[in-house]
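Chains as they are written, first to last, in this note's numbering: chain F, 3 to 378; chain G, 3 to 378. Backbone N, C-alpha and C fix where the C-beta goes; we use that ideal spot for every residue, glycine too. Working notes, structure below.
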DNA sequence: GATCTCTCTGCAAACCTTTGCAGTGAAGTA
DNA sequence: TACTTCACTGCAAAGGTTTGCAGAGAGATC
């Protein structure tokens with residue numbers, strides 16, 4: 003029933019190889035023949051069988067997208083952007099959800115490896131060494147994790163955390179809590195590192211609570227701890243946790259931002275919808291998705307794969323493009339942060355607001371596109 | 003470089019067909035041989051090439067998932083459930099986003115048709131006739147749209163809308179607005195139909211505003227209209243619009259629920275996080291995703307496809323399983339609905355709260371699983 | 001008119017797997 | 001012992017496409 007290249011060949015009176023070339027190397031076929039073939043193909047509703055094509059060329063024109071948790075609002079914009087970018091280049095996207103489980107990640111990379119030209123690993127939870135090992139099996143681009151020798155797309159959450167701490171210190175907060183993210187998260191480590199350094203510089207004390215699951219519930223569950231810690235401000239690993247914390251504090255009768263200021267990370271769309279509206283570090287997730295796909299496809303064109311034109315000559319593991327892209331983040335100040343107990347008093351060192359890129363949110367206004375910086 | 007069935011055959015000293023059978027028909031091969039082959043395969047890291055397998059069997063073990071807008075929080079739980087269910091049965095999932103565009107839907111079905119064993123069409127915007135036509139090209143299961151002769155997974159939003167209107171009428175609202183959804187949406191029509199009927203029964207007047215884009219902004223943009231319409235309650239097409247409306251009303255200084263009550267549909271996770279918390283009709287999205295995948299795969303096993311064992315004998319378009327599944331919805335009462343201008347006064351007919359399945363939300367409590375009903 | 005060049009097209013192998021059919025040898029039956 | 005049955009394995013074709021190679025014909029050059 004399905005119409006094949008052979009049917010088109012018969013209908014247009016040429017050999018199948020001519021039909022094939024009409025699609026994959028049009029410049030090699032006579033314009034007249036070409037239009038005739040194209041017309042017949044259109045008529046019959048012919049679509050090349052990608053499995054057969056993949057079998058011989060060694061490229062599937064598919065990519066895999068491995069996501070820690072699709073239901074986490076951080077990811078959908080990334081997925082959407084990645085899928086759109088891929089489709090523009092005639093690639094289709096497998097999406098798989100690992101439920102924040104490292105073992106599932108590994109299994110999925112294996113399962114997908116033979117079926118895709120490359121895999122995007124988004125916020126992986128598995129170890130660096132395992133990722134490196136898997137990268138020998140299939141081209142990989144990693145989002146939100148830094149690995150030497152592998153193409154990575156990073157968001158500068160370090161800068162973001164620094165801005166957030168400076169913002170809080172500038173408002174007169176000296177006891178600040180950090181709600182850590184999940185174990186194995188590069189982003190979490192990075193935030194912790196940068197926030198710690200920024201706090202030291204600003205003369206503030208940072209209490210780390212966690213690790214925690216990166217969910218609303220993870221934040222909610224820490225509300226009691228936050229109150230007990232006696233801090234006046236909290237930086238959360240992500241917006242979901244910050245929002246959960248808002249819930250929890252509300253339930254405990256703690257006023258935000260009057261008693262405790264809260265800052266999130268990600269700027270997911272609902273951070274504008276909570277009461278108070280959430281101050282947060284905006285991460286360019288859509289740009290990350292697009293960039294990651296571009297890097298993967300770039301790598302893919304550099305490195306010919308199996309097919310017989312292919313290069314068994316190319317040494318395994320030698321990747322030409324190992325660029326790491328660092329995307330800028332930006333602090334968006336809304337209503338969940340306010341003056342702290344030391345507001346107005348002199349603070350040791352540090353300027354009023356610090357040099358970070360801050361932005362007072364215009365309610366409902368468009369998101370400012372983040373610039374990006376290419377390194378290495 | 004990639005290890006094929008031939009390598010395994012050589013290593014274990016058997017013919018490739020034996021290796022093949024070891025994986026696809028283990029009972030046909032001697033246990034001793036089997037363990038030996040399996041060991042070699044494991045050793046070499048062999049994974050069957052699904053493209054080659056697809057070429058001959060006619061089944062790809064992939065399915066397509068076509069989504070109106072991944073960034074709409076309604077969909078991620080559905081995607082997540084569908085992907086998980088599919089993977090349980092050793093299927094992988096292509097996800098594609100159409101940006102609410104009917105033309106993109108059609109194009110994607112075509113593009114995916116040759117590459118998948120079936121497609122899940124979620125909340126399609128294209129016409130019924132086009133869907134029917136496409137279903138002749140590839141097995142289809144439709145979510146949130148009713149089509150005779152095609153397997154559909156529906157959520158009983160009609161019942162939900164009825165419960166919502168009865169709830170509002172019971173609270174003493176007689177002028178109610180309905181924020182319609184996007185053009186082409188079955189759900190929107192269904193809500194409108196049921197809400198209209200329920201309003202008539204309850205002696206209330208229903209003003210329809212729309213169609214609108216099913217987004218936060220779509221709701222926000224209608225706030226002014228809602229105020230001008232002079233209604234005391236609003237039922238929105240979905241939570242996103244309801245939340246946008248909350249925003250808009252807040253900006254206009256209209257108090258919710260004191261001046262206007264608002265009800266949404268979907269019970270997305272952020273509906274618990276707005277202030278006031280949103281009263282809404284919960285739709286079982288995860289169950290819908292699971293069910294839809296089950297129906298698709300069921301259909302798939304019924305209908306052998308191309309391969310040479312396949313049935314050119316099976317008449318095109320003859321589908322055995324055209325079951326339609328209707329999943330229950332449930333009104334979840336939170337804080338965005340309150341007494342209306344006619345509260346306490348006698349109303350024409352209608353009981354106090356109507357017979358629908360209502361539930362007062364326990365804050366933060368677990369979602370109640372919805373039962374389901376199989377029809378046809 | 002012969003030779004060369006160039007453009008276009010056809011031929012056939014190859015990609016990796018599945019599967020109907022046939023063959024082998026051992027065990028069971030008469 | 002001769003025959004059947006059975007479990008297992010090998011053979012080879014098939015699936016739809018790409019692509020190196022070679023051939024055909026037309027036009028250009030001498």
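- Query: What residues of chain F sit near residue 96 of chain G, judged by a beta carbon separation below 7 Å?
  - Reply: Going along chain F in sequence order, the residues near residue 96 of chain G (Cβ under 7 Å) are 94, 95, 96.
- Task: Pull out every residue of the segment 263-292 of chain F whose Cβ sits closer than 8 Å to any Cβ of chain G, in chain order.
- Result: 271, 272, 275, 276, 277
- Ordered along the chain, which non-local residues of its own chain (more than five positions away) have a Cβ less than 7 Å from that of residue 1 of chain F? Past the edges of chain F, shown from 3 to 378, lies residue 1 of chain F, and the structure says nothing about it.
- Do the segment 66-76 of chain G and the segment 44-56 of chain G make contact, defined as three or more Cβ pairs closer than 8 Å? no
- Message: Assess contact between the segment 203-223 of chain G and the segment 234-247 of chain G, defined as three or more Cβ pairs (one per stretch) separated by less than 8 Å. Is contact present?
- Response: Verdict: yes, contact present.
- chain G contact for residue 234 of chain F (CB, 8 Å cutoff): no
- Query: How big is the Cα-Cα spacing for residue 101 of chain G and residue 173 of chain G?
  - Reply: 38 Å
- Task: Using a cut-off of 7 Å between C-beta atoms, extract the partners of residue 338 of chain G located in chain F.
- Result: Ordered by position in chain F, no residue passes the 7 Å Cβ test against residue 338 of chain G, which lies about 13 Å from the chain.
- Message: Just checking: is the beta-carbon of residue 90 of chain G within a distance shorter than 8 Å of some beta-carbon in chain F?
- Response: no
- Query: Unbroken beta strand (DSSP E) runs of length 3 or more, entirely within the segment 38-94 of chain F: which are they?
  - Reply: 64-69
- Message: Judging by CA-CA distance, which residue of G:293, G:335, G:299, G:301 is the nearest neighbour of residue 83 of chain G?
- Response: G:293
- Message: Could you give the first and the last residue of the continuous alpha helix (DSSP H) run that contains residue 270 of chain F?
- Response: Careful: residue 270 of chain F lies outside any alpha helix (DSSP H) and carries neither H nor E.
- Query: When you compare each of G:213, G:249, G:260 to residue 233 of chain G by their alpha carbons, which one comes out closest?
  - Reply: G:260
- Task: Anything in chain F within Cβ reach of residue 112 of chain G, meaning under 8 Å, just list it in chain order.
- Result: What residue 112 of chain G touches in chain F, judged by beta-carbon distance under 8 Å, is 49, going in chain order.
- Message: For the structure I just gave you, are there three or more beta carbon pairs, one from the segment 326-341 of chain G and one from the segment 151-158 of chain G, closer than 8 Å?
- Response: yes
- Message: In whole angstroms, give me the CA-to-CA distance for residue 256 of chain G and residue 89 of chain G.
- Response: 48 Å
- Task: Give the range of the alpha helix (DSSP H) segment to which residue 24 of chain F is assigned.
- Result: Boundaries of the alpha helix (DSSP H) around residue 24 of chain F: 18-26.
- Which of the three DSSP states, helix, strand or coil, is assigned to residue 285 of chain F? coil
- Query: At least one CB of chain G closer than 8 Å to the CB of residue 86 of chain F: is that the case?
  - Reply: yes
- With respect to the beta strand (DSSP E) encompassing residue 120 of chain F, which residues constitute its N-terminal and C-terminal limits? 120-124
- Task: Quick one: residues in its chain with C-beta nearer than 6 Å to the C-beta of residue 104 of chain F, no 5 flanking neighbours on either side, listed in chain order?
- Result: 127, 128
- Query: Measuring CB to CB, does residue 182 of chain F end up less than 8 Å from residue 214 of chain F?
  - Reply: yes
- Query: Taking just the CA atoms, how far does residue 148 of chain F sit from residue 131 of chain F?
  - Reply: Straight-line Cα distance between these residues: approximately 12 Å.
- Whole-angstrom C-beta distance between residue 288 of chain G and residue 141 of chain G, which should lie under 8 Å: Wrong, their Cβ atoms sit about 22 Å apart, outside the cutoff.
- Message: How far does the alpha helix (DSSP H) with residue 128 of chain G in it extend, from its first residue to its last?
- Response: Segment: none, residue 128 of chain G is in no alpha helix (DSSP H) and carries neither H nor E.
- Query: Is it right to say residue 250 of chain F is buried, meaning 16 or more other beta carbons lie within 10 angstroms of its own, or is it exposed?
  - Reply: buried
- Message: Between which two residues does the alpha helix (DSSP H) holding residue 382 of chain F run?
- Response: Not covered by the structure: residue 382 of chain F. The range shown for chain F is 3 to 378.
- Measure the alpha-carbon distance for residue 59 of chain G versus residue 337 of chain F and round it to whole angstroms. Annotation: residue 59 of chain G to residue 337 of chain F spans about 59 Å, alpha carbon to alpha carbon.
- Applying the criterion that 16 or more other CB atoms from any shown protein chain within 10 Å of the CB defines a buried residue, is residue 151 of chain F buried or exposed? exposed
- Query: Which class does residue 346 of chain G belong to by DSSP, given the choice of helix, strand or coil?
  - Reply: coil
- Query: So residue 226 of chain F is in the alpha helix (DSSP H); what residue range does that whole segment cover?
  - Reply: 225-231
- Query: Rounded to a whole number of angstroms, what is the C-alpha to C-alpha distance between residue 269 of chain G and residue 325 of chain F?
  - Reply: 42 Å
- Task: With DSSP collapsed to three states, give me the class of residue 332 of chain G.
- Result: strand
- Message: residue 14 of chain F and residue 31 of chain F - do their beta-carbons sit closer together than 8 Å?
- Response: No.
- Own chain residues within Cβ distance below 7 Å of residue 227 of chain G, not counting five before or after: 211
- Task: Tell me, please, whether the CB atom of residue 78 of chain G is closer than 8 Å to any CB atom in chain F?
- Result: yes
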